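What follows is a short report on a single structure.
Protein chains: 2
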Amino acid sequence: MKPLTLKDVARQAGVSPKTVSRVINGEAYVRPEVRAAVQKVVDELGYRPNAFARELSSARSFLLGLYFDDPASAYAADVQRGALARCRALGYHLVVEQVTRDRLGWLEECEASLRSMRLGGAILPPPLCDWPELLDLFARMEVAVVRISPGDADERTAAVEMDERGAARELTEALIALGHRDIGFIQGNPEHHAAARRQEGFEAAMVAAGLPLRSERTLPGDFTFRSGLAAGERLLSREDRPSAIFAANDEMALGVLVAAMRAGIAVPDQLSIAGFDDAAIARMAWPPLSTVHQPHVEMAAAAVELLTRPAEGRKATPSLRLPYTLTLRDSTGPAPASETER
Amino acid sequence: MKPLTLKDVARQAGVSPKTVSRVINGEAYVRPEVRAAVQKVVDELGYRPNAFARELSSARSFLLGLYFDDPASAYAADVQRGALARCRALGYHLVVEQVTRDRLGWLEECEASLRSMRLGGAILPPPLCDWPELLDLFARMEVAVVRISPGDADERTAAVEMDERGAARELTEALIALGHRDIGFIQGNPEHHAAARRQEGFEAAMVAAGLPLRSERTLPGDFTFRSGLAAGERLLSREDRPSAIFAANDEMALGVLVAAMRAGIAVPDQLSIAGFDDAAIARMAWPPLSTVHQPHVEMAAAAVELLTRPAEGRKATPSLRLPYTLTLRDSTGPAPASETER
DNA sequence: GATATATCTGACATCGATGTCAAGCATAAA
DNA sequence: TTTATGCTTGACATCGATGTCAGATATATC
Numbered sequence: 001m002k003p004l005t006l007k008d009v010a011r012q013a014g015v016s017p018k019t020v021s022r023v024i025n026g027e028a029y030v031r032p033e034v035r036a037a038v039q040k041v042v043d044e045l046g047y048r049p050n051a052f053a054r055e056l057s058s059a060r061s062f063l064l065g066l067y068f069d070d071p072a073s074a075y076a077a078d079v080q081r082g083a084l085a086r087c088r089a090l091g092y093h094l095v096v097e098q099v100t101r102d103r104l105g106w107l108e109e110c111e112a113s114l115r116s117m118r119l120g121g122a123i124l125p126p127p128l129c130d131w132p133e134l135l136d137l138f139a140r141m142e143v144a145v146v147r148i149s150p151g152d153a154d155e156r157t158a159a160v161e162m163d164e165r166g167a168a169r170e171l172t173e174a175l176i177a178l179g180h181r182d183i184g185f186i187q188g189n190p191e192h193h194a195a196a197r198r199q200e201g202f203e204a205a206m207v208a209a210g211l212p213l214r215s216e217r218t219l220p221g222d223f224t225f226r227s228g229l230a231a232g233e234r235l236l237s238r239e240d241r242p243s244a245i246f247a248a249n250d251e252m253a254l255g256v257l258v259a260a261m262r263a264g265i266a267v268p269d270q271l272s273i274a275g276f277d278d279a280a281i282a283r284m285a286w287p288p289l290s291t292v293h294q295p296h297v298e299m300a301a302a303a304v305e306l307l308t309r310p311a312e313g314r315k316a317t318p319s320l321r322l323p324y325t326l327t328l329r330d331s332t333g334p335a336p337a338s339e340t341e342r
Numbered sequence: 343m344k345p346l347t348l349k350d351v352a353r354q355a356g357v358s359p360k361t362v363s364r365v366i367n368g369e370a371y372v373r374p375e376v377r378a379a380v381q382k383v384v385d386e387l388g389y390r391p392n393a394f395a396r397e398l399s400s401a402r403s404f405l406l407g408l409y410f411d412d413p414a415s416a417y418a419a420d421v422q423r424g425a426l427a428r429c430r431a432l433g434y435h436l437v438v439e440q441v442t443r444d445r446l447g448w449l450e451e452c453e454a455s456l457r458s459m460r461l462g463g464a465i466l467p468p469p470l471c472d473w474p475e476l477l478d479l480f481a482r483m484e485v486a487v488v489r490i491s492p493g494d495a496d497e498r499t500a501a502v503e504m505d506e507r508g509a510a511r512e513l514t515e516a517l518i519a520l521g522h523r524d525i526g527f528i529q530g531n532p533e534h535h536a537a538a539r540r541q542e543g544f545e546a547a548m549v550a551a552g553l554p555l556r557s558e559r560t561l562p563g564d565f566t567f568r569s570g571l572a573a574g575e576r577l578l579s580r581e582d583r584p585s586a587i588f589a590a591n592d593e594m595a596l597g598v599l600v601a602a603m604r605a606g607i608a609v610p611d612q613l614s615i616a617g618f619d620d621a622a623i624a625r626m627a628w629p630p631l632s633t634v635h636q637p638h639v640e641m642a643a644a645a646v647e648l649l650t651r652p653a654e655g656r657k658a659t660p661s662l663r664l665p666y667t668l669t670l671r672d673s674t675g676p677a678p679a680s681e682t683e684r
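First to last, the sequence lines map onto chains S and Y.
Just so you know, the first sequence maps onto residues 1 to 342 in our numbering.
Just so you know, the second sequence maps onto residues 343 to 684 in our numbering.
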C-alpha cells in the first residue's frame, strides 16, 4: 500500500506542498478559502503526515520516552496507564525504555539509544528521576524532562509531585487516633527518595503525639513483597510486638499481612496494617488495605501535558503538586485493649 | 549539542558516506582494511545512525508496537517486561499503544496512528489478537504481526502460544487426585479465546474422571478480581458448596480467596483454590495460589525475536508453542473428609 | 594481451516533511 | 502616482540516512 504524502494532497488541492504543510501545522498566512479547501482534501483522503519525516526536518518529535527501572511493578503500570491515555489524546506516541544501573556502560547504552532516536521529551519516575548521571545526560542531549516525585529540585527539569511527607504523617495520625501507641515502620527502598519522606512523616506524627521512636520498631525494606514479608515476620515474631505496622508501600504491607496470617494474628483485631500508594492489589487483599491513594495516573497524565504544552507563557520548568487521599479500609482498626491500657 | 552524522564519520575516516553506510549495515563489497578503519572511527566517535532518517530512506523500522486493551493488568506487565528486555538487546524500541473497541471510529484512529508512524512489526496479545478488523488493518498496512495466544489460525501472521487446554486439564487432574469430586469453575472473559480453552481443559478432565459437570458449578467471570469475588461469593454462599474452585486466572482466584476468608472458610483445609497464569500476585496471597505458570515473559521475548529475525530460511509465519509448568502452592490441598465420603 | 567478470567505491537522487527566502499582489501611507 | 508595508504563495535546500548506478580496480578466462 503506497503511503499518502503531502504531494498527493497538494496535487489534489491544487496548491504547493508547502501550503499544505502550513495548513497541517496551523501556521498563519494562508487565505481562509485556501485553508478550508486544503483541510477538506486532507479530511477526505484521511491524510496523516509521516512522523519520521517531520521529525527529521523539523527537530520536533512526537515520541515521548517513559523510563523505568522496574517495568513490572504495580506503580509502573499505573504511571504507564496515565501517560498512555494522555498521549493518545494528544497524538503522541509513548516509547517505553528500561534502564538499570547494574551493568557497566549503562549510561553509554542509554546515550546511544537516545542518539539514535530523538525524543520529544522524557518522563522519569522514581528512582531514575534522582540519578544525576541520567539528568545530566538528558540535559546534554537537550531533551525535555519531567520528573515524577523527585527527591530534590533540579533547575533544568519540570516535576510532578505529591506531599509524601504530609500523607505519611496524616496516615500515622489516623493510626494514633485509633489508639495505637506502638507502631512499627517498614522503610522503603532507600534508592527512592520518597521512602525517606514517608519515614519523616511517620516520625513527625509520632513525635508530635509524644510517642517514643523505638529503633527496633523500624525495619529496612525495599518496596518488594518479599522484603515486607521478612520485616513483618521479624516484627511479629516476639511476644512484645507493635499493635500497628505502617509499611512504606502496599506491596510490603501485603507482605506484613501474609506474615500476620501465618502467625495466626487477626487483622485488624489484633494488628492494624497500613500501606502507601493504593495500588490495585490493595483492594485485592483480605482485609483490603488502608493506604494513601496516590494519584499516579493523574501525575503521569500531567507529566505528558507538561512535555507537550511547552511554556505557553508559564515558566519553563514548573513544578506541579497533586493532592493525595487518605483511604482507610479494613486492615486498620482500634488498638486492642491490652495496648491502650499500657 | 550537534548530532553526529554519517558525514562526520565519513570525513574522519576519509571515505564516502555511502561506504560508512555499508559498514554500518554489514553489506558486502567493502575491503576488509577499509571496513576495519571505518568501524574504528565509528567506535571511537560512538556514532549511532539516526533511526528516523534510516526508516525514511529504507522503509525498515526499528520501532515495534505493543498493543494492549488493558495496560494495567498483571498480564500486560509480564508481556511488556519480556518484550522490552529483548528489544533492548536487539537495539529496537518499543512503542506501547492502547486500543479499545468502545468508541466509534476506533479502527480509523488506529489506522491514522499507524500511518503516521511506520512500525517494524506489531505484537498483539489477547484479546486484540482475535479482532479481525485489527488483523485486516495490519495486513492492509503491510505490518508484520505476531499474535500471542491467538484463538484461531491466521495465514498472514505468526503466533506464539501455549497449550492452555492441556494445562487446565492437568491442573484439574491434580485437584481430582487430591480427592476433589465437586469442583467449581469460574470462566474467563469470553473475549479472550483462552478462556474457552481453559474451560475445555477443565471439563475434559472432569469427564475423563467420570465426574459430573453440574451447570450451577460453572459461573461467568471476566478475568477481573471483582468478578472472581462475586462468583466466589455465589459459589460459597450456600451449604452445598464445592470443595475446590478453579478460577480461569489468578486475579479471579484471588477474589475467590477473599470471598472464602470473608465467609470464614479455611483455605486449603475446607476449600482448595486454583488460578491460572502465575501472576506476581499469586505469590503475594495467603495462602499462595496454586496455578499454572505461563511463560508470558518468554512468549513476549519470542514474539520480538520473530519480528526482528524475519524468515532466515524458515517459513514466514511460524507458530511457536512454549511449555507451561504446573505450580502447586498452598491454596490447594486434600479434599475435606466429608467430601471424599460422599 | 585482450576481454570478461567480480570486487570495490562514490556521485547523485530519494524518502516525506519543514525552513528559508524571494516574488507576487494587495492595501495603506506619502 | 509612488513607495512602503503586510499578507500569501511556492521554489528550493535541507534533515540523515539508503538505493541506484556507473565508474574504477583487480582478478580470472580465453
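Yeah, the Cβ is synthetic: ideal placement off N, Cα and C, and Gly gets one too.
All values derive from a computational prediction rather than experimental measurement.
Partner residues on chain S for residue 454 (chain Y), Cβ-Cβ distance less than 8 Å: Residue 454 (chain Y) sits at position 112 when you count from the first residue of the second sequence. The answer, in chain order, is 46, 48.
Bridge partners - residue 560 (chain Y), DSSP secondary structure assignment: As a working note, residue 560 (chain Y) is residue 218 in the second sequence. Looking at the DSSP assignment, residue 560 (chain Y) forms a beta bridge with Y:527.
Please classify residue 296 (chain S): does DSSP put it in a helix, a strand, or coil? The residue you call residue 296 (chain S) lines up with position 296 of the first sequence. Correct three-state label for residue 296 (chain S): helix.
List, in order along the chain, the chain S residues whose C-beta lies closer than 8 Å to that of residue 490 (chain Y)? The residue given as residue 490 (chain Y) occupies position 148 in the second sequence. Within chain S, no residue comes near residue 490 (chain Y); the closest Cβ sits about 17 Å away, beyond 8 Å.
Does the stretch 370 to 379 of chain Y come close enough to the stretch 402 to 421 of chain Y to have 3 or more Cβ pairs within less than 8 Å? no
Whether residue 292 (chain S) touches residue 332 (chain S) by CB criterion (8 Å): The residue you call residue 292 (chain S) lines up with position 292 of the first sequence. The residue you call residue 332 (chain S) lines up with position 332 of the first sequence. Cβ atoms of residue 292 (chain S) and residue 332 (chain S): not closer than 8 Å.
Would you mind listing the alpha helix (DSSP H) stretches within the stretch 367 to 408 of chain Y that are 4+ residues and don't spill past its ends, in chain order? 374 to 387, 393 to 400
Where DSSP assigns a beta bridge to residue 668 (chain Y), which residues make up the other side? Locating residue 668 (chain Y) in the second sequence gives position 326, where the first residue counts as 1. Per DSSP, Y:634.
Got a sec: is the Cβ-Cβ distance from residue 448 (chain Y) to anything in chain S below 8 Å? Position 106 of the second sequence, counted from the first residue, corresponds to residue 448 (chain Y). No, because no Cβ of chain S sits closer than 8 Å to the Cβ of residue 448 (chain Y).
What are the boundary residues of the alpha helix (DSSP H) that residue 244 (chain S) is part of? In the first sequence, counting from the first residue as 1, residue 244 (chain S) sits at position 244. First-last for residue 244 (chain S): 244 to 247, but that is the beta strand (DSSP E), not the alpha helix (DSSP H).
Could you tell me which chain Y residues have their CB closer than 8 Å to the CB of residue 284 (chain S), listed as they occur along the chain? Residue mapping note: residue 284 (chain S) aligns to position 284 of the first sequence, counting from 1. Those within 8 Å of residue 284 (chain S) in chain Y are 567, 593, 596, 597, 600, 623.
Select from S:240, S:334, S:272, S:225 the residue whose C-alpha is nearest the C-alpha of residue 628 (chain Y). By 1-based counting over the second sequence, the position of residue 628 (chain Y) is 286. If we check each option's Cα against that of residue 628 (chain Y), S:225 comes out closest.
Should the stretch 258 to 265 of chain S be called in touch with the stretch 46 to 57 of chain S, which here means at least 3 C-beta pairs below 8 Å? no
Where does residue 278 (chain S) sit, in a helix, a strand or coil, going by DSSP? For this step, residue 278 (chain S) is matched to residue 278 along the first sequence. Of the three classes helix, strand and coil, the one that applies to residue 278 (chain S) here is coil, per DSSP.
Pop quiz: residue 638 (chain Y) and residue 421 (chain Y) are said to be a contact at Cβ under 8 Å. What is the actual Cβ separation, rounded to whole angstroms? Here the question's residue 638 (chain Y) lines up with position 296 in the second sequence. Here the question's residue 421 (chain Y) lines up with position 79 in the second sequence. Confirmed, about 5 Å.
Given 8 Å as the limit, is there contact between the stretch 428 to 439 of chain Y and the stretch 486 to 504 of chain Y, that is, 3 or more CB pairs closer than that? no
Please specify which runs of the beta strand (DSSP E), each continuous and at least 3 residues long, are wholly inside the stretch 416 to 451 of chain Y, giving them in chain order. 435 to 440
Quick one: any contact between the stretch 126 to 136 of chain S and the stretch 247 to 261 of chain S, if contact means 3 or more CB pairs under 8 Å? no
In angstroms with no decimal places, state the Cα-to-Cα distance between residue 323 (chain S) and residue 631 (chain Y). Taking the first residue of the first sequence as position 1, residue 323 (chain S) is located at position 323. Taking the first residue of the second sequence as position 1, residue 631 (chain Y) is located at position 289. Rounded to whole angstroms, residue 323 (chain S) to residue 631 (chain Y) spans 36 Å at the Cα level.
How many angstroms separate the CA atom of residue 529 (chain Y) from the CA atom of residue 425 (chain Y)? The sequence position of residue 529 (chain Y) within the second sequence is 187, counting from 1. The sequence position of residue 425 (chain Y) within the second sequence is 83, counting from 1. Whole-angstrom Cα-Cα distance: 28 Å.
Quickly, what does DSSP pair residue 162 (chain S) with across the bridge? List them, please. Counting from one through the first sequence, the residue named residue 162 (chain S) turns up at place 162. DSSP output for residue 162 (chain S) lists S:322 as bridge partner(s).
Measure from the alpha carbon of residue 614 (chain Y) to the alpha carbon of each residue in Y:561, Y:648, Y:677, then state which is nearest. By one-based count along the second sequence, residue 614 (chain Y) stands at place 272. The shortest C-alpha separation from residue 614 (chain Y) is found at Y:677.
Does the beta-carbon of residue 87 (chain S), which I'm using as the reference point, lie nearer than 7 Å to any heavy atom of the ligand MN? The ligand content of the structure shown is nil, which means the ligand MN is not present either.
Check whether chain Y comes within 8 Å of residue 367 (chain S), counting only Cβ atoms and requiring the distance to be less than that. Past the edges of chain S, shown from 1 to 342, lies residue 367 (chain S), and the structure says nothing about it.
With distances taken Cα to Cα, identify the nearest neighbour of residue 353 (chain S) among S:162, S:37, S:180. The structure shown does not extend to residue 353 (chain S), since chain S is modelled only from 1 to 342, so the question has no answer here.
Report yes or no: is there a C-beta of chain Y within less than 8 Å of the C-beta of residue 77 (chain S)? Indexing the first sequence from 1 puts residue 77 (chain S) at position 77. Yes, contact with chain Y.
Would residue 592 (chain Y) pass as a contact of residue 564 (chain Y) if the rule is Cβ separation under 8 Å? Translated into positions along the second sequence, residue 592 (chain Y) becomes position 250. Translated into positions along the second sequence, residue 564 (chain Y) becomes position 222. The answer is no: Cβ separation not under 8 Å.
Closest Cα partner of residue 70 (chain S) within the set S:99, S:110, S:8, S:95: Here residue 70 (chain S) refers to the residue found at position 70 of the first sequence. Minimum Cα distance to residue 70 (chain S) is reached at S:99.
In chain order, what residues of the stretch 86 to 99 of chain S put their CB closer than 7 Å to some CB of chain Y? 88, 93, 94, 95, 96, 98
My understanding is that residue 274 (chain S) touches residue 211 (chain S), with C-beta atoms under 8 Å, so please give their C-beta distance in whole angstroms. Within the first sequence, the letter at position 274 stands for residue 274 (chain S). Within the first sequence, the letter at position 211 stands for residue 211 (chain S). Between residue 211 (chain S) and residue 274 (chain S) the Cβ distance is about 16 Å, and since that is not below 8 Å, they are no contact.
Selection of the stretch 184 to 217 of chain S by Cβ proximity to chain Y, strictly under 8 Å: none
Alpha helix (DSSP H) runs contained entirely in the stretch 117 to 182 of chain S, provided each spans 4 or more residues: 132 to 140, 164 to 177
Please say whether residue 143 (chain S) and residue 119 (chain S) have beta carbons closer to each other than 8 Å? In the first sequence, the residue the question calls residue 119 (chain S) occupies position 119. In the first sequence, the residue the question calls residue 143 (chain S) occupies position 143. Yes. Within cutoff.
How close, in whole Å, do the beta carbons of residue 465 (chain Y) and residue 407 (chain Y) come, if the pair is a contact with beta carbons under 8 Å? Here residue 465 (chain Y) is taken as the residue at index 123 of the second sequence, counted from 1. Here residue 407 (chain Y) is taken as the residue at index 65 of the second sequence, counted from 1. Contact flag correct, Cβ pair sits at about 7 Å.
Quick one: what's got a C-beta closer than 7 Å to residue 575 (chain Y)'s C-beta in the same chain, skipping five residues either side? Counting from 1 along the second sequence, the entry for residue 575 (chain Y) is found at position 233. Answer for residue 575 (chain Y): 601, listed in chain order.
Anything in chain Y within Cβ reach of residue 55 (chain S), meaning under 8 Å, just list it in chain order. As a working mapping, residue 55 (chain S) is identified with position 55 in the first sequence. The answer, in chain order, is 394.
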